[in-house]
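The sequence shown begins at 73 in this note's numbering and counts up by one. Beta carbons are placed, not taken as given, at the ideal position from N, Cα and C, and that holds for glycine. Step one of this worksheet: look at the structure below.
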Amino acid sequence: MEISQELLQKKEALERVKKEIEKRYTHPMPGYGGSIIRRSAKEAFSREVKELERQLADFQAYVRHHFKGIVEDNKARLVDLLTPAVLNRPPAKWRHQLVGPERTARAKMLIHGALQDAFKNFSLNVDGMRVRALLRA
């Protein structure tokens with residue numbers, strides 16, 4: 073299975089766990105802007121939230137570990153997809169560089185460089201993923 077598909081499956085599994093916890097323990101409170109839980113269920117709810125937090129931490133570690141590879145794979149795919157179009161209608165600033173027998177290799181190198189620039193400011197913010205439960209006494 074491809075890493076990006078596995079990543080998506082893991083994300084969806086976490087979302088299912090979250091929804092199941094919400095379904096099992098919370099009840100919408102109209103006019104309140106949120107949901108409530110029974111006091112008698114608070115301890116079990118807290119245990120399941122802690123387990124969800126542990127699963128989220130595992131997911132974050134997985135994403136951190138595999139993210140660079142996923143980005144590199146996607147860049148390689150983009151290079152392959154964009155090369156024919158660039159060779160057909162190269163940007164004006166690249167035209168003089170795309171001549172001769174190494175034309176295709178040079179186009180791929182230029183596209184890869186442009187993608188490197190485009191992706192350099194793209195940061196992975198898995199630290200922003202959080203489980204949040206507001207419990208009041």
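Check: Length at least 3, wholly inside the region 176-205: the beta strand (DSSP E) runs in chain order; Outcome: none
Check: Cβ-Cβ separation, residue 154 to residue 166 (assumed contact under 8 Å), whole Å; Outcome: So it is not a contact: roughly 12 Å between Cβ atoms.
Check: One or two residues paired with residue 118 in a DSSP bridge; Outcome: Its beta-bridge partners do not exist; DSSP assigns none.
Check: Three-state class that DSSP yields for residue 141 in the structure shown; Outcome: helix
Check: Beta-carbon contacts of residue 169 that lie in its chain and below 7 Å, excluding the five residues immediately before and after; Outcome: 178, 182
Check: Among 188, 142, 207, nearest to residue 78 - alpha-carbon criterion; Outcome: 142
Check: Contact under 8 Å by Cβ, residue 86 with residue 128; Outcome: yes
Check: 6 Å CB neighbourhood of residue 117 in its chain, flanking five on each side removed; Outcome: 97, 109
Check: Where the alpha helix (DSSP H) containing residue 107 begins and where it ends; Outcome: First-last for residue 107: 106-108, but that is the beta strand (DSSP E), not the alpha helix (DSSP H).
Check: For residue 187 and residue 140, believed in contact at Cβ under 8 Å, the rounded distance; Outcome: The pair is not a contact, with the Cβ atoms about 14 Å apart (cut-off 8 Å).
Check: Residue 201 to residue 130 span [Cα, whole Å]; Outcome: 12 Å
Check: Contact under 8 Å by Cβ, residue 298 with residue 124; Outcome: Here the chain has residues from 73 to 209 only, and residue 298 is not among them.
Check: Residues near residue 134 in its chain [Cβ-Cβ closer than 7 Å; skip 5 each side]; Outcome: 82
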